[in-house]
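A quick write-up on the structure given underneath.
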Amino acid sequence: LEIAGIAVPQGMQGRSLLDATMPARNAVFASRHKMDATHDAMTMMRTATHKYILNRMPERPWCQFNNYKEQQYPVVALLQLRALEGKLTPQQAQFVAASKPAEELYDLRSDPHELHNLSTDPAQADLLMAMRSATGQFSKRAGDQDPGDAWRAGGWPATYPTRTVDEWRRIVAGWNAHLLEGAARPKIHAGVPAGKVGTAGDR
Numbered sequence: 034l035e036i037a038g039i040a041v042p043q044g045m046q047g048r049s050l051l052d053a054t055m056p057a058r059n060a061v062f063a064s065r066h067k068m069d070a071t072h073d074a075m076t077m078m079r080t081a082t083h084k085y086i087l088n089r090m091p092e093r094p095w096c097q098f099n100n101y102k103e104q105q106y107p108v109v110a111l112l113q114l115r116a117l118e119g120k121l122t123p124q125q126a127q128f129v130a131a132s133k134p135a136e137e138l139y140d141l142r143s144d145p146h147e148l149h150n151l152s153t154d155p156a157q158a159d160l161l162m163a164m165r166s167a168t169g170q171f172s173k174r175a176g177d178q179d180p181g182d183a184w185r186a187g188g189w190p191a192t193y194p195t196r197t198v199d200e201w202r203r204i205v206a207g208w209n210a211h212l213l214e215g216a217a218r219p220k221i222h223a224g225v226p227a228g229k230v231g232t233a234g235d236r
């Protein structure tokens, strides 16, 4: 907006990209809560060297059911098939596990792909506490609250797998034919009961 000469609306957050005297930030924060009717609650802090993630709904997996993703992302079918076949690496299997850790801490210098969670490492206890505290302060400023019972119970069901091995194989074969041979996109019906796919307010 500043580059275009437009006044910044009151209440909009942001920093000037033009002011060289503005001090650099030592951390950035982000939150992720609702994706379509997929409910979750995650808050993240990232510095130049580390990333901390607070998972407020650890009882839900990283890879939750999402009807849009099942219709559009071939990798969802492949991951679920490989999981049922027992063909995922330990790191890959974490993504489709039934739950996730309450906290995550990664050293981005030695682990840029964030595969090794250091949140339970005693050697990282001081850093974990500091980043946890800073994330809590950010959440307080942003009005970010822990999810209530209604939020936890709402939205699409979280649990995979939603299909059998044979059904996932058929879907993967359909995606392969579509992507590699130009066949029609596979018809994929929601893998959860129709009444659970979502409500008008979720779309």
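Residue numbers for the sequence shown follow my numbering, so the first one is 34 and each next one is one higher.
Note that beta-carbon positions come from the ideal geometry of N, C-alpha and C, so glycine has one too.
With respect to the alpha helix (DSSP H) encompassing Ile204, which residues constitute its N-terminal and C-terminal limits? Val198 to Glu214
Quick one: does the C-beta of Pro155 sit closer than 7 Å to a heavy atom of the ligand FMN? In terms of ligand content, the structure shown is empty, and the ligand FMN therefore cannot be addressed.
7 Å CB neighbourhood of Gln157 in its chain, flanking five on each side removed: Leu138 and Leu151
Cβ shell of Asp177 (< 8 Å), same chain only, five flanking positions each side left out: Ser64, Thr76 and Phe171
Tell me which same chain residues have a C-beta within less than 8 Å of the C-beta of Met68, skipping the five on either side of it? Only residues of its own chain outside the window of five on either side were considered, and among them Asn99 have a CB closer than 8 Å to the CB of Met68, listed in chain order.
Would you tell me roughly how many angstroms separate the C-alpha atoms of Glu103 and Thr71, rounded to the nearest one? 12 Å
Taking one C-beta from the region 116 to 126 and one from the region 177 to 187 each time, how about it: are there three or more such pairs within less than 8 Å? no
Outcome for Tyr85 when other beta-carbon atoms lying within 10 angstroms are tallied against a minimum of 16: buried
Per the DSSP calculation, Leu151 is bridged to which residue(s)? Looking at the DSSP assignment, Leu151 forms no beta bridge with any residue, so it has no partner.
Check each candidate in Lys173, Met78 and Met90 and name the one with the smallest Cα separation from Ala191. Met90
Out of Glu35, Leu111, His146 and Met78, point me to the one whose CA is closest to Trp11's CA. One cannot answer for residue 11 here, as it falls past the ends of the chain, which runs 34 to 236.
Where does the unbroken beta strand (DSSP E) through Thr76 begin, and where does it stop? Thr71 to Arg79
Across which residues does DSSP place Leu87 in a beta bridge pair? Thr76 and Glu136
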